[in-house]
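The opening residue of the sequence shown carries number 4 in my numbering; numbering runs sequentially from there. Glycine included, each C-beta is placed from N, C-alpha and C at the ideal position. To start, the structure under review is shown below, and the notes come after it.
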Amino acid sequence: MLEIKNLHARIVDDGTEIIRGLDLTVKAGEVAAIMGPNGSGKSTLSYILAGREDYEVTEGDILYNGQSILEMDPAERATSGIFLAFQYPMEIPGVATMEFLKVAMNEQRKARGEEPLKVPEFLKRVKEAAASLNMDMNMLKRPLNVGFSGGEKKRAEILQMKLLEPKLCVLDETDSGLDIDALKIVADGVNALRSPERAIVVITHYQRLLEHIVPDSVHVLYKGQVIKSGDKSLALDLETNGYAGVIGQAA
Ligand code: ADP
Ligand code: MG
Ligand code: MG
Numbered sequence: 004m005l006e007i008k009n010l011h012a013r014i015v016d017d018g019t020e021i022i023r024g025l026d027l028t029v030k031a032g033e034v035a036a037i038m039g040p041n042g043s044g045k046s047t048l049s050y051i052l053a054g055r056e057d058y059e060v061t062e063g064d065i066l067y068n069g070q071s072i073l074e075m076d077p078a079e080r081a082t083s084g085i086f087l088a089f090q091y092p093m094e095i096p097g098v099a100t101m102e103f104l105k106v107a108m109n110e111q112r113k114a115r116g117e118e119p120l121k122v123p124e125f126l127k128r129v130k131e132a133a134a135s136l137n138m139d140m141n142m143l144k145r146p147l148n149v150g151f152s153g154g155e156k157k158r159a160e161i162l163q164m165k166l167l168e169p170k171l172c173v174l175d176e177t178d179s180g181l182d183i184d185a186l187k188i189v190a191d192g193v194n195a196l197r198s199p200e201r202a203i204v205v206i207t208h209y210q211r212l213l214e215h216i217v218p219d220s221v222h223v224l225y226k227g228q229v230i231k232s233g234d235k236s237l238a239l240d241l242e243t244n245g246y247a248g249v250i251g252q253a254a
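Right, here's the structure in full:
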């Protein structure tokens, strides 16, 4: 479903290369965890997948269902079923969360050749999804992410993910700033989205989240490259021994 081949990318502003020959394959049905020390390029990778203009791919390719997405703008990527939950979710002032959700869901339906949702059906789906995440419906009357606490923002991301039913989900540090209860709710939300037709990439600095979302594969990112891949035992190994051992082997 996702195939990243020898990806090199740099910051447009100053030309610094951040991603330096990254290879990664994630199949449909798979939950892949990307781990790595701070500054290794994890968030940069998620921005590049989203299609942010601040980054420029200089070499390699990103294939989604066998097709390159490099020429697609962020909106096209989203409507084609790629969903990114960022480490720092963007605030969207002036638009109630409900309204935002309705527009996003209907854009995606349009891309699939489906009719817009009728209001009662839309409300039913939002209520169900919000209840499953312990979210108060009153919060959805407020502008998206504006004044939301860290935990509320993460829940709002998972809510969008549930409602948009993407094919490829990338979650960047969804666990940061969450207390144990919120972490459990977010993890349950992600687990509920596991499906043979969907690939999920969980980016995390810590093993903690992976106790709740058990990954099929674990990849260590360091200096813009995947330096080691393995199964879930790799995450436990990193928790015990830190990143130094893996980095030493790769050097
Ligand atoms: P991680 O998410 O793994 O902690 P990041 O992707 O946030 O790492 O950052 C990787 C490196 O790239 C860091 O050294 C960071 O300072 C740098 N970097 C990323 N984006 C920018 C940017 N827009 N301008 C300057 N430096 C950046
Ligand atoms: Mg970081
Ligand atoms: Mg990061």
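Query: Who are the Cβ neighbours of residue 82 in its own chain at under 7 Å, not counting the five residues just before and after it?; Result: 110, 111, 114
Query: What does the shell around ligand 1 hold, if a residue joins when its beta-carbon is under 5 Å from any heavy atom?; Result: 14, 21, 41, 42, 43, 44, 45, 46, 47
Query: Please return the same chain residues whose Cβ sits closer than 7 Å to the Cβ of residue 23, not counting the five positions on each side in sequence.; Result: 11, 226, 227, 228
Query: Using CA atoms only, rank isn't needed, just tell me which of 64, 147, 218 is closest to residue 206.; Result: 218
Query: What do you reckon, are the CB atoms on residue 196 and residue 189 nearer than 8 Å?; Result: no
Query: Can you list, in chain order, the residues of its chain whose CB lies under 7 Å from that of residue 133, leaving out five sequence neighbours each side?; Result: 140, 143, 162
Query: Is it a yes or a no for the segment 61-69 touching the segment 142-159, going by three-plus beta-carbon pairs under 8 Å?; Result: no
Query: Do the CB positions of residue 160 and residue 88 come within less than 8 Å of each other?; Result: yes
Query: When DSSP labels each residue in this structure, what does residue 44 get in the three-state scheme?; Result: coil
Query: Which residue comes first and which comes last in the beta strand (DSSP E) that contains residue 78?; Result: Not the beta strand (DSSP E): residue 78 falls in the alpha helix (DSSP H), residues 77-82.
Query: Compute every distance between the C-beta of residue 176 and the non-hydrogen atoms of ligand 3, then say whether any falls below 7 Å.; Result: yes
Query: What are the partner residues of residue 8, as DSSP defines its beta bridges?; Result: 64
Query: Take residue 153 and list the residues in its own chain whose beta-carbon comes closer than 8 Å to its own, dropping the five residues that flank it on each side.; Result: 179, 180, 181
Query: Could you check whether the segment 38-48 touches the segment 237-251, counting it as contact only if at least three pairs of C-beta atoms, one from each stretch, sit closer than 8 Å?; Result: yes
Query: Could you pull out every residue in the same chain whose Cβ sits closer than 8 Å to the Cβ of residue 120, ignoring the five residues on either side in sequence?; Result: 105, 108, 109, 112, 128
Query: Any idea what DSSP makes of residue 35, helix, strand or coil?; Result: strand
Query: Exposed or buried, residue 234, counting other C-beta atoms within 10 Å across all chains shown (16 or more means buried)?; Result: exposed
Query: Rounded to whole angstroms, what is the Cα-Cα separation between residue 94 and residue 192?; Result: 22 Å
Query: Compare the Cα-Cα distances from residue 51 to each of 230, 164, 173 and report the closest residue.; Result: 173
Query: DSSP three-state label for residue 70, please.; Result: strand
Query: Which same chain residues, not among the five before or five after residue 21, have their C-beta less than 7 Å away from its C-beta?; Result: 12, 13, 14, 44, 47, 227
Query: Would you say the beta carbon of residue 228 is closer than 7 Å to some non-hydrogen atom of ligand 5?; Result: In the structure on display, ligand 5 does not appear, and the ligands it does have are ligand 1, ligand 2 and ligand 3.
Query: Determine the DSSP secondary structure at residue 211, reduced to helix, strand or coil.; Result: helix
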